[in-house]
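One structure is given here, and the rest of the page talks about it.
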Amino acid sequence: MQSELTPETPGAGPNVLIVDDSAMMRKLIKRVTSVVGVPIGTIFEAGNGREALEILEHEDIKFVFTDINMPVMTGTELLRAMHERPEWQHIVRIIISTDGSEARREEVSGLDVKMYVEKPFRPEVMRDVLSDLSPTTGR
0 MQSELTPETP GAGPNVLIVD DSAMMRKLIK RVTSVVGVPI GTIFEAGNGR EALEILEHED
60 IKFVFTDINM PVMTGTELLR AMHERPEWQH IVRIIISTDG SEARREEVSG LDVKMYVEKP
120 FRPEVMRDVL SDLSPTTGR
């Protein structure tokens, strides 16, 4: 699965990490982030939280889009690990999940999650998320 840890061609914006056990969903999120009109740097992919932590150790990531339900290490476990590391406090955390229940939202409430996007989502939602949270838009 090493090919999934390799980045896409870098652009002129913040680096993004997409964490989802579905390769198809990662591809969809990657495609949407690249066409929404917001500058994006390198897009990294991970199939679970453990792979994501490896990338975070070595790359300068600004945005993490993570699913919650994944094998090996869940999105919630990833968010907890990120929350415990002071050097990762600047990373914007966005959950993209089919599970938008109140119980699930409560479970991640203290983990610095900026947005919770429910699948399926429209491309405009991703554009709005990136526009609202990107430092290049002045917000």
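Heads up, the sequence shown is in numbering that gives the first Met the number 0, so the first residue is 0 and it goes up one at a time.
We put the CB at the ideal spot given by N, CA and C, even for glycine.
These numbers come from a predicted model, not from an experiment.
- M81 to D127 span [Cα, whole Å]: As a working note, residue 81 is residue 82 in the sequence shown. As a working note, residue 127 is residue 128 in the sequence shown. Cα-Cα distance, rounded: 24 Å.
- Task: Would you kindly check if the distance between the Cβ of F43 and the Cβ of I60 is under 8 Å?
- Result: In the sequence shown, residue 60 corresponds to position 61, counting from 1. In the sequence shown, residue 43 corresponds to position 44, counting from 1. Yes, the Cβ-Cβ distance between I60 and F43 is below 8 Å.
- Query: Should D131 be labelled buried (16 or more other beta-carbon atoms within 10 Å of its own) or exposed?
  - Reply: Counting from 1 along the sequence shown, the entry for residue 131 is found at position 132. Counting Cβ neighbours within 10 Å, D131 comes out exposed, since fewer than 16 surround it.
- Could you name the residues that DSSP lists as bridge partners for F62? Position 63 of the sequence shown holds residue 62. Its beta-bridge partners are V15 and V91.
- For V37 versus G12, is the C-beta distance shorter than 8 Å? Counting from 1 along the sequence shown, the entry for residue 37 is found at position 38. Counting from 1 along the sequence shown, the entry for residue 12 is found at position 13. At the C-beta level, V37 and G12 come within 8 Å of one another.
- Task: Could you check the C-alpha separation between S33 and V91 for me, to the nearest Å?
- Result: By one-based count along the sequence shown, residue 33 stands at place 34. By one-based count along the sequence shown, residue 91 stands at place 92. Note on geometry: alpha-carbon atoms of S33 and V91 lie some 18 Å from one another.
- In the DSSP assignment, what are the bridge partners of E76? To locate residue 76, count along the sequence shown from 1; it is residue 77. Looking at the DSSP assignment, E76 forms no beta bridge with any residue, so it has no partner.
- Candidates E58, K118, V71 and E123: closest to V15 by CA position: By 1-based counting over the sequence shown, the position of residue 15 is 16. V15 has its Cα closest to that of E58, out of E58, K118, V71 and E123.
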